[in-house]
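One structure is given here, and the rest of the page talks about it.
There are 2 protein chains.
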Amino acid sequence: MSEIIELARRARVASYALAEASRATKDAALHAMAAALRENTDTIVAANAKDVAAARDAGTPESTVDRLALNPARVDAMAAGLEQLAGLTDPVGEVVRGYTLPNGLELRQVRVPFGVVGIIYEARPNVTADAAGICLKSGNAVLLRGSSSAAASNEAIVAVLRGAAEATGLPADVVQGVPTDRAAVKELMQARGLVDVLIPRGGAGLIQTVVSESTVPVIETGVGNCHVYVDADADLELALKILLNAKTQRPSVCNATESLLVHASVADEFLAAALPALAEAGVTVHGDPAVVAAGKDVVAAGKDVVAATEEDFGTEYNSLDLSAAVVESLEAAVQHIRRYGSGHTDAIITRSQAAARRFTTAVDSAAVVVNASTRFTDGGEFGFGAEIGISTQKLHARGPMGLPEMTSTKYVVTGEGQIRT
Amino acid sequence: MSEIIELARRARVASYALAEASRATKDAALHAMAAALRENTDTIVAANAKDVAAARDAGTPESTVDRLALNPARVDAMAAGLEQLAGLTDPVGEVVRGYTLPNGLELRQVRVPFGVVGIIYEARPNVTADAAGICLKSGNAVLLRGSSSAAASNEAIVAVLRGAAEATGLPADVVQGVPTDRAAVKELMQARGLVDVLIPRGGAGLIQTVVSESTVPVIETGVGNCHVYVDADADLELALKILLNAKTQRPSVCNATESLLVHASVADEFLAAALPALAEAGVTVHGDPAVVAAGKDVVAAGKDVVAATEEDFGTEYNSLDLSAAVVESLEAAVQHIRRYGSGHTDAIITRSQAAARRFTTAVDSAAVVVNASTRFTDGGEFGFGAEIGISTQKLHARGPMGLPEMTSTKYVVTGEGQIRT
Chain A
1 MSEIIELARR ARVASYALAE ASRATKDAAL HAMAAALREN TDTIVAANAK
51 DVAAARDAGT PESTVDRLAL NPARVDAMAA GLEQLAGLTD PVGEVVRGYT
101 LPNGLELRQV RVPFGVVGII YEARPNVTAD AAGICLKSGN AVLLRGSSSA
151 AASNEAIVAV LRGAAEATGL PADVVQGVPT DRAAVKELMQ ARGLVDVLIP
201 RGGAGLIQTV VSESTVPVIE TGVGNCHVYV DADADLELAL KILLNAKTQR
251 PSVCNATESL LVHASVADEF LAAALPALAE AGVTVHGDPA VVAAGKDVVA
301 AGKDVVAATE EDFGTEYNSL DLSAAVVESL EAAVQHIRRY GSGHTDAIIT
351 RSQAAARRFT TAVDSAAVVV NASTRFTDGG EFGFGAEIGI STQKLHARGP
401 MGLPEMTSTK YVVTGEGQIR T
Chain B
1 MSEIIELARR ARVASYALAE ASRATKDAAL HAMAAALREN TDTIVAANAK
51 DVAAARDAGT PESTVDRLAL NPARVDAMAA GLEQLAGLTD PVGEVVRGYT
101 LPNGLELRQV RVPFGVVGII YEARPNVTAD AAGICLKSGN AVLLRGSSSA
151 AASNEAIVAV LRGAAEATGL PADVVQGVPT DRAAVKELMQ ARGLVDVLIP
201 RGGAGLIQTV VSESTVPVIE TGVGNCHVYV DADADLELAL KILLNAKTQR
251 PSVCNATESL LVHASVADEF LAAALPALAE AGVTVHGDPA VVAAGKDVVA
301 AGKDVVAATE EDFGTEYNSL DLSAAVVESL EAAVQHIRRY GSGHTDAIIT
351 RSQAAARRFT TAVDSAAVVV NASTRFTDGG EFGFGAEIGI STQKLHARGP
401 MGLPEMTSTK YVVTGEGQIR T
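Residue numbers (full-length UniProt numbering), protein chains in the order written: chain A, 1 to 421; chain B, 1 to 421.
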């Protein structure tokens, strides 16, 4: 038996105990894990230092090294995250619906854990504690497959979490690390029946690989080519404030805006204000001919609008770049978003009730926003208290995934001898 | 562009109109479809006669021919099914949750259609109308890929349904048939992004193929190796009544019981009554050594209990066969179900509250039943009014799938200029 199959079987056995654990037990484990992380800060930071040194030796960009690096404050933040999870409602056992059937059978649909969840992620070691905590609270045993560049950090963190789980009376195998070689991840993606769900967290390439190679059901997360559409009836000052926030407040994340659409009737006025403000904020605009023309006279030398290619409109930049086009109508904006969007978050800025209603109905994205920044599509902002990722697929969960999204349901049917006739 | 890609693109376009159609429009289309089926009964039955003749020529078993055959009464039943759908609540637009965030953003999670659904099914032409109706009511454009053996019937039915949809003002392409060749189904399974969900309906082989070859998200349906466990504290008369119903009332369906487990402390008494009754009902029991021994003296000559193989316990017979074993404890019954069950429906017969609670907690199946027949796991019986299949997977939907299970959700976020700080 391969190592992955063996890990998955152990996860399955552990999942039976975890599924029946009370909220009190799970919360005690989360608190024990948090305390253990803090106690072992030196060990974790020392292990991480090896990963960081290896990354620097390999010429890794400093921004990636920063995501990889841990210090006592970051370990403390991981611990605090686990404690926060302990304070959230347990999704397991929630009765989603229930009634008595005409024949007297009592029907209840009840939330239950998936069982075994696999998380495949990139070089952020804080995801290790975060994902382990969310899976534990939702009653799922977890197989954590992090990046090889964070292997020493993840190994140290997983060892600490396992010890704390065991000390609370849960099986250590509720949390397991998975070897980082390619063969192991391939096997993990083929472990249908042993692993209930795989969740990839990371860039588009990682997600695409998992989606296309996995026979285990996958929840696709996180690719965001988000749009702001400035309607004919928009408050243009409000539109600019929102656009700047959506593009520049944190450009590297999936809910940052990547594309601006402006209704032709307000394009001249809006672009005359927006293009200099975007240039000032360091944003490179990739515009269609109308936007390029509008930029000619309004931005300072060296900050010209660049001509957009077809590819630009389908690109998630994750940087201070923005594609931009003028559209003839709200319908044209909808068509553009259907063609180029990724179904993450799209916003309309308008004072028109009819336009808002039409946009929110016609745009089929995980989140459609009226008169606010796209940056709000987030489990924390939505009030979920925790988030394992943002689903951009339509099956099971769509948008920010909190604890309830980490569960399945079962029907419990109670009778007194009913038979079918 | 291949034919399937072209069909899927047309379905996508049609899905935009259908997603915005009011309940009134959709219900009018369902009534028009029902009326058109009735008006075209002769055409449909004549087309079906060709399929039936071809099936008989090919030496198809008569039970399969019966599932394939249509007559005026069966066409009328298809029409009545569509009319019944018109009477059900529209799932689209339901607000699943909603509240106002601390910053004043109004958050609503709203049910929306998937978009384009593919159904892959076997030689029952009534599924064509049934699946088309459920998809239409839930706002989804459908690609119907039936069996080649029902091609003439399906073509006739699809033509009638498309005509009726168009007459109501919906695009005809909300319902489309898919060619039945293997190349076409392969392309359908690879049309990720164009098709949102695939639902296979049929035998284990079909479902396995779709699950393993599809990159489109799949909802797995219908394989049922269902158990009845007779507990130490069972009312044995009640247990026998339920067992006979669960096994024999309709043995060909997925919620029929395939395996009996009996607690050792009541095995002698229960089996002494159950084995003759099962034999009387025409059931062949495949027993473990204890059940074989119990059968020695109690059943009539020629109706002996057969020795079960390991394979028997994992088999969905769909016939008047039953595997049976004596277990030493409730825990052993749970272990047995975890090992051999398919996660469809499993029942305990007991007077003990503790045993019922332990069984319903520990057995992780779509439905767990206390003191009733396994045959109740069904959309109609559960009060859903319609059913597209019974999901045995954990992602998205589990158990009978009604109209809400044929939808996704989106978040609609309404503000007045909120930005993230």
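C-beta atoms are modelled at their ideal positions from N, C-alpha and C, and glycine is treated no differently.
Everything numeric in this text was worked out from a predicted model, so none of it was measured.
- Lys137 of chain B sits away from Leu170 of chain B, with the two beta carbons spaced by 8 Å or more.
- Along the segment 357-381 of chain B, the positions whose C-beta sits under 8 Å from a C-beta of chain A are Thr360, Thr361, Ala362, Asp364, Ser365, Ala366, Ala367, Val368, Val369, Val370, Asn371, Ala372, Ser373, Arg375, Phe376, Thr377, Glu381, read in chain order.
- The beta carbon of Thr41 of chain B sits closer than 7 Å to those of Pro72, Val75, all from its chain and outside the five residues before and after it, given in chain order.
- Nearest neighbour of Ser329 of chain B by Cα position, chosen from B:Val413, B:Ala234, B:Arg38, turns out to be B:Ala234.
- Within the segment 49-81 of chain A, the complete alpha helix (DSSP H) runs of at least 4 residues fall at 62-68.
- Annotation for His263 of chain B: the continuous beta strand (DSSP E) segment containing it runs 257-263.
- Neighbours of Ile242 of chain B in chain A, taken as residues at a C-beta separation under 7 Å, are given in chain order as Gly417, Ile419.
- In this structure Ser15 of chain A is not in contact with Glu187 of chain A, their Cβ atoms being roughly 19 Å apart against a cut-off of 8 Å.
- In the three-state reduction of the DSSP assignment, Val158 of chain A falls in the helix class.
- Short of 6 Å from the beta carbon of Ser373 of chain B, and not among the five residues preceding or following it, lie these beta carbons of its own chain, in chain order: Ile242, Asn245, Ala246.
- DSSP assignment within the segment 136-199 of chain B yields the following whole beta strand (DSSP E) runs of 3 residues or more, N-terminal first: 141-145, 175-177.
- Within chain B, the residues placing a beta-carbon under 7 Å from that of Gln393 of chain A are Pro217, ordered along the chain.
- About 6 Å separates the beta carbons of Ile388 of chain B and Ile199 of chain B, which is inside the 8 Å limit, making them a contact pair.
- Within the segment 208-264 of chain B, the complete alpha helix (DSSP H) segments at least 4 residues long are 236-248, listed from N- to C-terminus.
- Under a 10 Å Cβ-count criterion, Asn255 of chain B is classified as buried, with 16 or more other Cβ atoms of the shown protein chains found around its own Cβ.
- Straight-line measurement puts the Cα of Ala356 of chain A at about 33 Å from the Cα of Ala131 of chain B.
- In the three-state scheme derived from DSSP, where H, G and I count as helix and E and B as strand, Gly202 of chain B is classed as coil.
- For Asp268 of chain A, the secondary structure class from DSSP, reduced to helix, strand or coil, is helix.
- Tyr121 of chain A has a beta carbon lying at 8 Å or more from every beta carbon in chain B.
- Take Val292 of chain A, set aside five residues on each side of it, and the residues of its chain with a beta-carbon closer than 6 Å to its own are Val305, Ala307, in chain order.
- Neighbours of Lys296 of chain A in chain B, taken as residues whose beta carbon is under 8 Å from its own, are absent, since the nearest beta carbon is some 29 Å off.
- The C-alpha of Val65 of chain B is placed about 10 Å away from the C-alpha of Gly59 of chain B.
- Taking a C-beta cut-off of 8 Å against chain B, the contacting residues of the segment 14-32 of chain A are Tyr16, Ala19, Glu20, listed in chain order.
- A straight line joining the alpha-carbon of Glu6 of chain B with that of Ala156 of chain B spans about 21 Å.
- Closest by C-alpha distance to Thr392 of chain B, out of A:Met406, A:Arg338, A:Ser265, A:Tyr411, is A:Tyr411.
- Of the candidates A:Leu144, A:Leu161, A:Arg111, A:Ile120, A:Leu161 places its Cα closest to the Cα of Glu39 of chain A.
- Each residue's CA atom was taken as its position, placing Glu213 of chain A and Val174 of chain A some 25 Å apart.
- Considered as a whole, the segment 344-411 of chain A harbours 353-362 as its complete alpha helix (DSSP H) runs of no fewer than 4 residues, in chain order.
- Counting along the chain, Pro113 of chain A sits inside the beta strand (DSSP E) bounded by residues 106-113.
- Put simply, the CB of Asp233 of chain B is far from chain A, with every gap to its CB atoms at 8 Å or more.
- Residue pairing by DSSP places Tyr99 of chain B opposite B:Leu107 in a beta bridge.
- Our two residues, Ala54 of chain A and Lys394 of chain A, have alpha carbons roughly 39 Å apart in a direct line.
- Between Ala281 of chain A and Thr248 of chain A the beta-carbon gap is near 5 Å, inside 8 Å, which marks them as a contact.
- In the three-state DSSP reduction, Val127 of chain A falls in the helix class (H, G or I).
- It is roughly 7 Å from the alpha-carbon of Asp312 of chain B to the alpha-carbon of His286 of chain B.
- In this structure Leu85 of chain B is not in contact with Ala397 of chain B, their Cβ atoms being roughly 18 Å apart against a cut-off of 8 Å.
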